[in-house]
Ligand code: ATP
Ligand code: MG
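In the numbering used here, the protein residues as written are 1019 to 1464.
This is the structure we're talking about:
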């Protein structure tokens, strides 16, 4: 009740602070039908009950750039309890930041209450990192606590107005990524903002404004104070942005890669591993553009592969058998990575599977190829092997053979198998294939 009252007062007098620029219908390209129905209904219901409600953040920015947003978030002055009371299918989530998930059909809208009050209430650690920012605030404060001007834009779907508190619309037109407030202070409050600067500039093709980029190199070590799980989530966002290659380039340009992927720099200095990593990144970006499924596991496996391969070769040269050598090499690479940013269990198991299947592509005789084909990780491991061949690390002829083998019908597959002694396709099997009864036997064996 008090919040509502305060907000009514605030609504009439927000010019007490610096008022936002309200860009009306004619001044921007967002129409209300660009907003998902669920987000429109959420904002409309909140407004009908006297609250402020806007689509906010990345969605507004993306729509102004003509990009389809991933999802729609809503910001309001209603508290989580007030939001929850208005929507039958909603639930309050989170402990530190309480948000409401409002469900409509298959869509979930994240509704957050305006937050603010940094300066007076927030606790920080000795580096200036914010430890608490769960204080409700006004819309103006909520805009100010956001990171970049282009992320502090609010869209009212009913009035079709963009509320711009920090000049984000002008910055977007100039394709400029600019921090709200003092960049050094804002990076100290939350060092992840440095990674977000690299990712958003790469993903959206924005230039990082000079004062926003200048402090990054020096402040990059502050990333070490950020909880690993959060850094890892941000790394995955980078890799899955559809612009992974650009993002890594931006990370490198800003000196941010060392603390996330400590061995990447060395890998990119070697032509074969550079080709391999760039091909893996391009391949994933392409799949994302085509809306095909992608997994961070594959890219993480690729980014660490040059270290694995190098250590594998070294162990083999020292007289180890291939598989134990590979196992040892995998641990060397993962340990090296773990010194900066350990890869969580849920990913490293899949990475190890992809790596461990690599030597098996060289075995093309007997039942082994069939068994590999039936492995649930075959497709990922094969794509990985092919990228290695494209980079010149292994034989393209072998990759082509596997392409033929998996596409062949079960009968033709047998004729492709290689005999142990000669290394060529088996004449015995080829002969066998001709007999109709033996075809059946071949399939049964497959
Ligand atoms: P994406 O397209 O990747 O979702 P986004 O900008 O929407 O980009 P989110 O992580 O979804 O990123 O965050 C939503 C909004 O929350 C941002 O637009 C920004 O306003 C704010 N925000 C997110 N992270 C931070 C941060 N570290 N510091 C300040 N504001 C942030
Ligand atoms: Mg978002």
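The beta carbon of each residue, even a glycine, is placed where N, CA and C say it ideally should be.
Close beta carbons around residue i, own chain, < 8 Å, minus the five adjacent residues each side
{"i": "residue 1243", "result": "1143, 1145, 1147 and 1209"}
{"i": "residue 1313", "result": "1368 and 1398"}
{"i": "residue 1263", "result": "1296, 1299, 1300 and 1303"}
{"i": "residue 1342", "result": "1333"}
{"i": "residue 1204", "result": "1165, 1197, 1198 and 1211"}
{"i": "residue 1239", "result": "1277"}
Reference residue i; option with closest CA among the options
{"i": "residue 1060", "options": "1048, 1078, 1038 and 1091", "result": "1091"}
{"i": "residue 1194", "options": "1294, 1183, 1163 and 1227", "result": "1227"}
{"i": "residue 1211", "options": "1036, 1296, 1037 and 1235", "result": "1235"}
{"i": "residue 1320", "options": "1340, 1376 and 1160", "result": "1376"}
{"i": "residue 1260", "options": "1122, 1322, 1054 and 1300", "result": "1300"}
{"i": "residue 1425", "options": "1206, 1402 and 1387", "result": "1387"}
{"i": "residue 1241", "options": "1206, 1225 and 1271", "result": "1206"}
{"i": "residue 1294", "options": "1239, 1179 and 1402", "result": "1402"}
{"i": "residue 1084", "options": "1281, 1255 and 1046", "result": "1046"}
{"i": "residue 1130", "options": "1064, 1362, 1257 and 1054", "result": "1064"}
{"i": "residue 1224", "options": "1265, 1066, 1203 and 1433", "result": "1265"}
{"i": "residue 1382", "options": "1416, 1122 and 1066", "result": "1416"}
{"i": "residue 1281", "options": "1356, 1114 and 1412", "result": "1356"}
{"i": "residue 1292", "options": "1159, 1322 and 1380", "result": "1322"}
{"i": "residue 1105", "options": "1120, 1114 and 1113", "result": "1120"}
{"i": "residue 1232", "options": "1246, 1273, 1245 and 1289", "result": "1273"}
{"i": "residue 1048", "options": "1080, 1347 and 1069", "result": "1080"}
{"i": "residue 1057", "options": "1125, 1086, 1068 and 1066", "result": "1125"}
The ligand ATP heavy atom lying under 7 Å from the CB of residue i
{"i": "residue 1169", "result": "yes"}
{"i": "residue 1358", "result": "no"}
{"i": "residue 1210", "result": "yes"}
{"i": "residue 1255", "result": "yes"}
{"i": "residue 1251", "result": "no"}
{"i": "residue 1196", "result": "no"}
{"i": "residue 1163", "result": "yes"}
{"i": "residue 1214", "result": "yes"}
Check: residue i C-beta below 7 Å from any heavy atom of the ligand NAP
{"i": "residue 1260", "result": "As presented, the structure is devoid of the ligand NAP, carrying the ligand ATP and the ligand MG as its sole ligands."}
Own chain residues within Cβ distance below 7 Å of residue i, not counting five before or after
{"i": "residue 1021", "result": "Unreliable positioning characterises residue 1021 in this predicted model, as indicated by a pLDDT of 47, which lies under 50. The coordinate reading is nonetheless provided below. Excluding positions up to five away in sequence, the list reads 1095 and 1097."}
{"i": "residue 1230", "result": "1195, 1196, 1197, 1201 and 1215"}
{"i": "residue 1297", "result": "1405, 1408 and 1409"}
{"i": "residue 1182", "result": "1038, 1039, 1041 and 1171"}
{"i": "residue 1062", "result": "1176"}
{"i": "residue 1036", "result": "none"}
{"i": "residue 1116", "result": "1098 and 1110"}
{"i": "residue 1396", "result": "1390"}
{"i": "residue 1286", "result": "1292 and 1295"}
{"i": "residue 1347", "result": "1326, 1329, 1330 and 1333"}
Residue range of the unbroken beta strand (DSSP E) whose run includes residue i
{"i": "residue 1094", "result": "1091-1094"}
{"i": "residue 1219", "result": "That residue, residue 1219, is in no beta strand (DSSP E); its alpha helix (DSSP H) goes 1210-1222."}
{"i": "residue 1316", "result": "Run containing residue 1316: none in the beta strand (DSSP E); it sits in the alpha helix (DSSP H), 1314-1335."}
{"i": "residue 1109", "result": "1108-1111"}
{"i": "residue 1232", "result": "No beta strand (DSSP E) contains residue 1232, which DSSP labels as neither H nor E."}
{"i": "residue 1121", "result": "1117-1122"}
{"i": "residue 1174", "result": "1171-1174"}
Residue range of the alpha helix (DSSP H) that includes residue i
{"i": "residue 1465", "result": "Because the chain in this structure spans residues 1019 to 1464, residue 1465 falls outside the shown range and cannot be described."}
{"i": "residue 1132", "result": "Counting along the chain, residue 1132 falls outside any alpha helix (DSSP H), and DSSP gives it neither H nor E."}
{"i": "residue 1282", "result": "1282-1287"}
{"i": "residue 1046", "result": "No alpha helix (DSSP H) holds residue 1046; DSSP gives it neither H nor E."}
{"i": "residue 1188", "result": "1186-1191"}
{"i": "residue 1369", "result": "1363-1375"}
{"i": "residue 1402", "result": "1396-1409"}
Cβ-heavy atom distance, residue i to the ligand MG, below 7 Å
{"i": "residue 1186", "result": "no"}
{"i": "residue 1076", "result": "yes"}
{"i": "residue 1088", "result": "yes"}
{"i": "residue 1091", "result": "yes"}
Contacting residues, own chain, Cβ-Cβ under 6 Å from residue i (five flanking each side not counted)
{"i": "residue 1190", "result": "1082 and 1168"}
{"i": "residue 1269", "result": "1216 and 1275"}
{"i": "residue 1078", "result": "1171 and 1173"}
{"i": "residue 1278", "result": "1253 and 1359"}
{"i": "residue 1043", "result": "1178"}
{"i": "residue 1074", "result": "1091, 1093 and 1172"}
{"i": "residue 1465", "result": "The structure shown does not extend to residue 1465, since the chain spans only 1019 to 1464, so no value can be given for it."}
{"i": "residue 1344", "result": "1330"}
{"i": "residue 1290", "result": "1409, 1410 and 1411"}
{"i": "residue 1418", "result": "none"}
Taking 8 Å as the threshold, find out whether the region 1162-1169 comes into contact with the region 1214-1231 through three or more Cβ pairs.
yes
Pairing CB atoms from the region 1235-1253 with CB atoms from the region 1327-1346, are three or more of them under 8 Å?
no
Okay, do the region 1428-1438 and the region 1298-1312 touch, 3+ Cβ pairs below 8 Å being the bar?
Put simply, the region 1428-1438 does not touch the region 1298-1312. Fewer than three CB pairs are less than 8 Å apart.
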